[in-house]
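Engineer: Protein chains in written order, with my numbering: chain A, 1 to 357; chain B, 1001 to 1357.
Protein chains: 2
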Amino acid sequence: MTAQTDQRDAKAKRIIISVDAMGGDQGPAAIVAGCDVSARKNSDISFILHGPEPELAGLVAKKPALAGRVEIRHAGEAVTMDDKPSQVVRNGKDTSMWSAIEAVRDGSASVTVSCGNTGALMALSMIRLRKLPGVNRPAIAVLYPSSNPQGFNVLLDVGADVRADAEDLLRFALMGMSYARNGLDLPRPRVGLLNVGTEEHKGRTELKEAYELIRDQRETAGFEFVGFVEGGDIPGDICDVIVTDGFTGNVAIKTGEGTASFVGDSLREAFKFSPLSRLASLLAYPSLRRLKKKIDPRRVNGGVFLGLNGTVVKSHGSADATGVSAAIKLAAQLADIQFTDKLAARVAALPAEEKDE
Amino acid sequence: MTAQTDQRDAKAKRIIISVDAMGGDQGPAAIVAGCDVSARKNSDISFILHGPEPELAGLVAKKPALAGRVEIRHAGEAVTMDDKPSQVVRNGKDTSMWSAIEAVRDGSASVTVSCGNTGALMALSMIRLRKLPGVNRPAIAVLYPSSNPQGFNVLLDVGADVRADAEDLLRFALMGMSYARNGLDLPRPRVGLLNVGTEEHKGRTELKEAYELIRDQRETAGFEFVGFVEGGDIPGDICDVIVTDGFTGNVAIKTGEGTASFVGDSLREAFKFSPLSRLASLLAYPSLRRLKKKIDPRRVNGGVFLGLNGTVVKSHGSADATGVSAAIKLAAQLADIQFTDKLAARVAALPAEEKDE
């Protein structure tokens, strides 16, 4: 016990993040640059980088802030965005993604960060880290900009699996609630179940079942259940956690991101209209920058895989240094509070008869 | 034959819209005001209004532009947002919604417009107007602001039914394509099937089946099939028609609307930050107005029910005069081109063996 406690204290002082350096569309330079940004902001973090040793060593050498804080683990292959998850599970032993997950499995690091192929990352994480007891389907949770005081809502699942039954949705609710409590500091998160209307008689059968299961857990687990919510509540303020299946969540988040980009592009277009509007856009620049900072998806760039023995943060494939650094910040925060242990305790607290269903 | 042709010519000159005056959250005054806006813009339109006669007569009397262009059909009851569709079908004979649909059924009007309870409106429309031959599930299609030259994409289904099998999705593709061709003047619309990734192996089984069915119809029906698309493509420019089931479509459109509102609110907030930013917002006002006009959901305020013997336009429950007028404009356009006949021809053109499946 003493040894274990010492180890935990040591971990709390030095947070080690395992980073797949080959996962992003922008190549390892952007990922190393993201590590550099984080290293300069937070002196508690150090890194294990996975990828081709000579290339990574060259990139790291150019960043003084990373000196003495990076271990490189050589991996000669990389998972591409086109690789099928099943192929990666069978033949991916030499990839940087596999190596990055392995560092969490063997206890060298607390959290993995990858910008790579989501399906492959989830498949490898499930096989190598294994699911938490009581979890049938893990979920990917994202932080969605919202009008709530905390600035974000938790939305899950956004694509770990395209189906979810009522029992899965209950677990998503508990995991999302635990993430909101520990990641957003909300002692009593308000949970909503995504549907096409707020009336109890609406929607698919599994949603009506999930409604009752989640409602029945709210006292024990210490959250509020606001019932059915609609797509418009994802950026809204009537709940903090929105629960849905991976197909719907994936479409919702991509529609929201696409719409926000479309509004931004249209705004730029509107400002180009006349000399006066171009002058206005110069004066408005600081305001628009504040807006961009508030709703910039790169700042909340990290889907978290929930329901595994270990924390995995999935960053956008197109993430630049700012995006990678945001994912590392989230990873460090979750590592710091030993989030996996808290989540495991939450899901394991479900009555046994329900877990076996 | 001659009589029928005469009738059609007469219809082309005088477009009669049947309007449920009791459906909106803002009451009949907003709906009559919307009719007034449309009447002043388009001298070809006249109206049949459904609701309590004395109240409507009073409202119409205040609008000179409506003089001689409105017939009032008395209906003493109104469908509320809380009424279950099944109850309205059983007991709704005296409601303004029933009466509004009946005017299309009996041929007095070409199109119905209602801001009321969507579920009840669809249920009544199905029972009273009946489905087109070959259509198992009707769909609700909306115009979504997009970066395409036409300014909008067609998204369907957004909530007629929460399920859709592969055959239903094929019909949605054909109906959406016909709507894009006739409503957006696109001779060869590009159709995409909504999924969680663009790779052919991704997503649910019914989507893979629908992929093949839609692909096989593209030559005969004269559209392009771009394959699987993602949520971000709904406001994008890679296709003109996005096909999905009613559950997913409903969540997508509400998430998109909610996100656009959130961005707008955040923008207003950003402009309040300092005296300089308040000055900037004054100068930026014309640009922001242009943006608002482009993406204002009220301007495309009309979901169209596709797959019925008659055209039904569903307007937002919260629509004001501008919103109601936008819905009437769409209704008038669809009536003018005899859209229902064109759609019926399109769906009926499917091979018989597929229709019977």
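Where a beta carbon is used, it is the ideal one built from N, C-alpha and C, also for glycine. As the structure is a computational prediction, the values presented were derived from the model and not from experiment.
With distance defined between alpha-carbon atoms, name the residue in B:G1027, B:T1118, B:M1175 and B:S1147 nearest to B:G1159.
Structural biologist: Considering only alpha carbons, the answer is B:T1118.
Engineer: Along chain B, which residues have their Cβ under 9 Å away from the Cβ of A:G159?
Structural biologist: Those within 9 Å of A:G159 in chain B are V1196 and G1197.
Engineer: Does the beta-carbon of A:S281 have 16 or more other beta-carbons within 10 angstroms, so that it is buried, or is it exposed?
Structural biologist: So A:S281 counts as buried.
Engineer: If you reduce the DSSP assignment to three classes, tell me which class B:K997 lands in.
Structural biologist: Since the first residue shown for chain B is 1001 and the last is 1357, residue 997 of chain B is missing from the structure and cannot be characterised.
Engineer: Between B:L1143, B:Y1144, B:S1125 and B:N1148, which lies nearest to B:R1137 when the distance is taken from Cα to Cα?
Structural biologist: Closest by alpha carbon: B:S1125.
Engineer: Mind listing the chain A neighbours of B:V1111? Cutoff is C-beta to C-beta under 7 Å, in chain order.
Structural biologist: Chain A residues near B:V1111: none, gap ~25 Å exceeds 7 Å.
Engineer: Quick one: which residues of the region 245–266 of chain A get their C-beta closer than 8 Å to a C-beta of chain E? List them in chain order.
Structural biologist: Absent from the structure is chain E; the protein chains it does hold are A and B.
Engineer: Less than 8 Å between C-beta atoms, sequence neighbours within five positions excluded: which residues of the same chain meet that for A:P235?
Structural biologist: If we look at A:P235 and ignore the five residues flanking it on each side, its Cβ neighbours are Y144, P145, S146, S147, N153 and G256.
Engineer: Short of 9 Å Cβ to Cβ, which residues in the region 225–243 of chain A face chain B?
Structural biologist: Cβ contacts with chain B come from E230, G231, G232, D233, I234, P235 and G236.
Engineer: In angstroms, rounded to a whole number, what distance separates the CA positions of B:L1306 and B:V1312?
Structural biologist: Going by the C-alpha atoms only, they are around 8 Å apart.
Engineer: From A:K11 to B:Y1211, what does the alpha carbon distance come to, in whole angstroms?
Structural biologist: At A:K11 the pLDDT is 44, less than 50, meaning the model places this residue with poor confidence; the figure from the coordinates comes in the next sentence. In a straight line, the C-alpha of A:K11 is about 50 Å away from that of B:Y1211.
Engineer: Relative to chain A, which residues along the region 1135–1148 of chain B have a C-beta separation below 8 Å, given in chain order?
Structural biologist: Of all residues in the region 1135–1148 of chain B, P1145, S1146 and S1147 have a Cβ within less than 8 Å of some Cβ in chain A.
Engineer: Which runs of the alpha helix (DSSP H) at least 4 residues long sit entirely within the region 1030–1099 of chain B? Give them in chain order.
Structural biologist: For the region 1030–1099 of chain B, whole alpha helix (DSSP H) runs of length 4 or above, ordered along the chain, are 1053–1061 and 1085–1091.
Engineer: Tell me the start and end of each unbroken beta strand (DSSP E) in the region 200–272 of chain A that is at least 3 residues and wholly inside, in chain order.
Structural biologist: If we require 3 residues or more, the beta strand (DSSP E) runs fully inside the region 200–272 of chain A come out as 224–229 and 241–243.
Engineer: Round the Cβ separation of A:C115 and A:G317 to the nearest angstrom and send it over; I've been treating them as touching at under 8 Å.
Structural biologist: With 8 Å as the limit, A:C115 and A:G317 qualify as a contact, their Cβ atoms being about 6 Å apart.
Engineer: Is it true that the CB of B:L1156 sits closer than 8 Å to the CB of B:G1176?
Structural biologist: Their beta carbons are under 8 Å apart, which means B:G1176 touches B:L1156 by this criterion.
Engineer: If we define contact as Cβ-Cβ less than 8 Å, is B:F1273 a contact residue for chain A?
Structural biologist: It does: the Cβ of B:F1273 has a partner Cβ on chain A nearer than 8 Å.
Engineer: Below 8 Å, can you find three or more Cβ-Cβ pairs linking the region 241–257 of chain A to the region 192–200 of chain A?
Structural biologist: Segments in contact, yes.
Engineer: Under 8 Å between C-beta atoms, does A:A319 make it to chain B?
Structural biologist: Taking Cβ atoms only, chain B never reaches closer than 8 Å to A:A319, which makes this a no.
Engineer: Does DSSP put B:L1184 in a helix, a strand or coil?
Structural biologist: B:L1184: coil per DSSP, three-state reduction.
Engineer: Taking the Cβ atom as the reference point for each residue, do A:V111 and A:A331 lie within a distance shorter than 8 Å?
Structural biologist: In contact: A:V111 and A:A331 (Cβ atoms closer than 8 Å).
Engineer: Rounded to whole angstroms, what's the CA-CA distance from B:L1291 to A:L66? Just pull it up for me.
Structural biologist: Computed Cα separation, rounded: 45 Å.
Engineer: Here's a check: name, in chain order, each residue in its chain whose Cβ is nearer than 8 Å to the Cβ of B:A1348, leaving out the five neighbours to either side.
Structural biologist: L1132, P1133 and G1134.
Engineer: Roughly how many whole angstroms lie between the Cα atoms of A:I15 and A:I101?
Structural biologist: Approximately 16 Å between the Cα atoms of the pair.
Engineer: Where are the alpha helix (DSSP H) runs, 4 residues long or more, that stay fully inside the region 1271–1335 of chain B, in chain order?
Structural biologist: Within the region 1271–1335 of chain B, the complete alpha helix (DSSP H) runs of at least 4 residues are 1275–1295.
Engineer: Give the range of the beta strand (DSSP E) segment to which B:G1151 is assigned.
Structural biologist: Per DSSP, B:G1151 belongs to no beta strand (DSSP E) and is neither H nor E.
Engineer: Give a yes or no on whether 8 Å exceeds the smallest Cβ distance from B:L1291 to chain A.
Structural biologist: True, the Cβ-Cβ gap to chain A drops below 8 Å.
Engineer: State the start and end residues of the unbroken beta strand (DSSP E) segment that holds A:I16.
Structural biologist: Segment I15 to D20, the beta strand (DSSP E) holding A:I16.
Engineer: Could you give the distance in angstroms between the alpha-carbon of A:D341 and the alpha-carbon of A:L350?
Structural biologist: Using only the alpha carbons, I get a separation of about 15 Å.
Engineer: For B:A1033, which residues from the same chain have a beta carbon less than 7 Å from its beta carbon, with the 5 sequence-adjacent residues on both sides left out?
Structural biologist: For B:A1033, where only same-chain residues beyond five positions count, the Cβ hits under 7 Å are A1321.
Engineer: For the alpha helix (DSSP H) containing B:A1164, list its first residue and its last residue.
Structural biologist: No alpha helix (DSSP H) holds B:A1164; DSSP gives it neither H nor E.
Engineer: So which residues of chain B does A:G23 contact, with C-beta pairs closer than 8 Å?
Structural biologist: Residues of chain B passing the Cβ test: none, with the nearest at roughly 16 Å.
Engineer: Is it true that the region 1066–1075 of chain B meets the region 1257–1275 of chain B, where meeting means three or more beta-carbon pairs spaced less than 8 Å apart?
Structural biologist: Touching, no.
Engineer: If you check the beta carbons only, do A:K254 and B:G1232 fall under 8 Å apart?
Structural biologist: Against a cut-off of 8 Å, the Cβ pair of B:G1232 and A:K254 comes out as a contact.
Engineer: Examine chain B for any beta-carbon lying closer than 8 Å to the beta-carbon of A:V162, and answer yes or no.
Structural biologist: Yes, A:V162 lies at the interface with chain B (some Cβ there is under 8 Å from its Cβ).
Engineer: Determine, using beta carbons only, whether B:A1180 and B:D1237 come nearer to each other than 8 Å.
Structural biologist: No, the pair does not count as a contact, with Cβ atoms beyond the cut-off.
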